[in-house]
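A quick write-up on the structure given underneath.
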Amino acid sequence: KEISDETDRETGRSKQISSVPIHLSIYSPYVVNLTLIDLPGLTKVAVEGQPDSIVADIENMVRSFIEKPNCIILAISPANQDLATSDAIKISREVDPKGERTFGVLTKIDLMDKGTDAVDILEGKSYRLQYPWIGVVNRSQADINKNVDMIAARRREREYFANTPEYKHLAHRMGSEHLAKMLSKHLESVIKSRIPGIQSLINKSIAELEAELSRLGKPIAADAGGKLYMIMEICRIFDQNFKEHLDGVRSGGDKVYNVFDNQLPAALKRLQFDKQLSMENVRKLITEADGYQPHLIAPEQGYRRLIESSLVSIRGPAEAAVDAVHSILKDLVHKAVSETAELKQYPTLRVEVGNAAVDSLDRMKEESKKATLKLVDMECSYLTVDFFRKLPQDIEKGGNPTHSIFDRYNDSYLRRIGSTVLSYVNMVCATLRNSIPKSIVYCQVREAKRSLLDHFFTELGTKEPKQLGSLLDEDPAVMERRTALAKRLELYRSAQADIDAVAWSK
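Using this note's numbering, the first residue of the sequence shown is number -13, and each one after it goes up by one.
Given below as structure tokens:
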């Protein structure tokens, strides 16, 4: 009745058919563990209420199932009709010409005309199949109306074959119970023969499911501690990816070295000290530094002003190097974020981690800029005395301190001062070329590796459980997909265990 009611709901109480399957689960110790597909009987003509295409529709539906290579075909034919006209045998032969998966089932044996029997068919004399024919005696419509149960029906079936002289010698392989045993045995033999292929298919499916589950990420923890642990673990993976870029495991870290080896030296070379140390500027600064009392031997204050005004221009390349490394580190943060699959799972956390990392880099940049510019300022504030101690010696060897003040401001004298200052500035540039990278690495690169997310972790510890949950804002569709995949994976693993058990029992 349940099947009839479901059919009426689908087809609207008409005599039409529907390809929508009706799933009915039967649990009993007396049934075989098989999926039985009850297909509509093949018909020759359309009756009232059916479309003209009903004949082809039914045949196409039947074929769509029995053409599947793993399907066992029960070719059911009534014993009181000519077997040569059996549509079930005809279509079964078409889709299974070798008969490897076709079982012939003969019904209505008890309704045959007197004087006739189905012995020749059941013994395979009139029409042979690869597997022996099996005769069954089902409940009549009157039995169904009287609610005769299946246990009684099976008992009457056994008695019929055992007590009917024509079928007594075949009784041991007749009846619905024997049919069930044969199908179960056949299924087991088919499974065993196809175990390698089935195992391969199951293993492949499990691997695909595990890979997709891995891509989707772990499910969100329910408690606050679990959520915090998940966030920390994801941040650890991101931090490791970032470090791998810097350490050369991944690409990008070499760009920092390029700043030190190419960009910084090139920027220092482009500094136009020649303009700063032109004769006009040297004369101007020397004269201003002397004030109303001209220098006696060497214009020390003039030297200091010339050197300081030249060294100040090094601040530009130093700041540019800091900014260049900062830009590279930001790019590596963005790369690490995009490469951390776990962050793709949680958009809010991805944004928060990226912003926190960039904020840390900004703070490190400011500290690095202060430290790096201090190096330049230190060179300006205290000159290397040994470099200039040779100047009085030069005067003693060839200079004449009795020259007039005005002779000391001639072009040759000013040119020598400019040359001396340029030599000193170049020496300082060489020193800073080595010390600026050390400062940048110490303040930016090293700190980024050590404490990129420390500030984020500090804030994380103060968040409420609800705030932690808001960071793990996974797409509901992803959650549903993961749950479905997990259930499928569980079924496949259960099937894998069952198949392995069958394989070992061979």
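By construction, the Cβ of each residue, glycine as well, lies at the ideal position given by its N, Cα and C atoms.
Would residue i pass as a contact of residue j if the rule is Cβ separation under 7 Å?
i    : j    : result
A139 : R125 : yes
K94  : P64  : yes
T71  : S78  : no
L471 : E198 : yes
R301 : V362 : yes
I206 : E328 : no
A481 : I188 : yes
L297 : E365 : yes
I220 : A304 : no
A210 : P451 : yes
K213 : L446 : no
M98  : N66  : yes
I293 : V407 : yes
D459 : T334 : yes
Kindly list the residues whose CB is nearer than 7 Å to the CB of residue i, restricted to its own chain and excluding five residues on each side of it in sequence; keep chain order.
i    : result
P118 : G110, R159
K241 : I314
K30  : V41
D129 : A139
Over the uninterrupted alpha helix (DSSP H) stretch that includes residue i, give me the two end residues.
i    : result
P499 : Past the edges of the chain, shown from -13 to 492, lies residue 499, and the structure says nothing about it.
G455 : 451 to 457
P303 : 301 to 325
C366 : 333 to 367
H9   : H9 -> no alpha helix (DSSP H), and no H or E assigned at all.
G211 : 210 to 233
M168 : 162 to 179
K255 : 250 to 255
T370 : Counting along the chain, T370 falls outside any alpha helix (DSSP H), and DSSP gives it neither H nor E.
Y243 : 240 to 244
K435 : 432 to 437
T448 : It is not in any alpha helix (DSSP H) - T448 carries neither H nor E in the DSSP assignment.
Under DSSP, the beta strand (DSSP E) around residue i begins and ends at which residues?
i   : result
G90 : 88 to 93
Are the C-beta atoms of residue i and some chain B residue less than 7 Å apart?
i   : result
L97 : You won't find chain B in this structure, because it holds only one protein chain.
Would you mind sorting residue i into buried or exposed? The rule is 16 or more other CB atoms within 10 Å of its CB.
i      : result
M216   : buried
L439   : buried
Y332   : buried
K154   : exposed
I338   : Residue 338 is actually Glu in this sequence, not Ile. Buried, by the Cβ-count rule.
L250   : buried
L457   : buried
Y495   : The question about residue 495 has no answer, for the chain in this structure spans -13 to 492.
G90    : buried
F443   : exposed
R349   : exposed
I(-11) : exposed
R201   : exposed
Y478   : buried
I137   : exposed
S39    : exposed
R114   : exposed
V33    : exposed
L20    : exposed
D225   : buried
R401   : exposed
G239   : buried
L10    : exposed
K351   : buried
Looking only at its chain, what residues have a beta carbon closer than 6 Å to the beta carbon of residue i, apart from the 5 residues adjacent to it on each side?
i     : result
A74   : A61, I62, S63
H389  : Any reading at H389 must be qualified, since the residue scores a pLDDT of 47, below 50, and its modelled position is unreliable; the value itself is stated next. Result list for H389: empty, nothing under 6 Å.
S299  : L257
E143  : V123, G161
N227  : A322, E325, T326
E(-8) : I8
T358  : A304, V308, I422, S425
K229  : K435
S170  : V18
S191  : Y478
S112  : D106
Give me, in chain order, the residues of the same chain whose beta-carbon lies closer than 8 Å to that of residue i; leave out the 5 immediate sequence neighbours on both sides.
i    : result
F51  : I23, L25, C57
L347 : H312, L315, K316, V319, Q430, A434, L438
I184 : I177, I485
L156 : V105, L108, E109, G121, F147
K473 : none
The ligand GTP and residue i: does the residue's C-beta get closer than 6 Å to at least one heavy atom of that ligand?
i    : result
R419 : The model on display carries no ligand, and the ligand GTP is accordingly not part of it.
TODO: Could I get the ranges of all uninterrupted alpha helix (DSSP H) runs contained in the region 41 to 88, with 4 residues as the minimum, in chain order?
DONE: Here the runs fully enclosed are 73 to 81.
Task: Unbroken stretches of the beta strand (DSSP E), 3 residues or longer, contained in the region 87 to 158 - done: Within the region 87 to 158, the complete beta strand (DSSP E) runs of at least 3 residues fall at 88 to 93.
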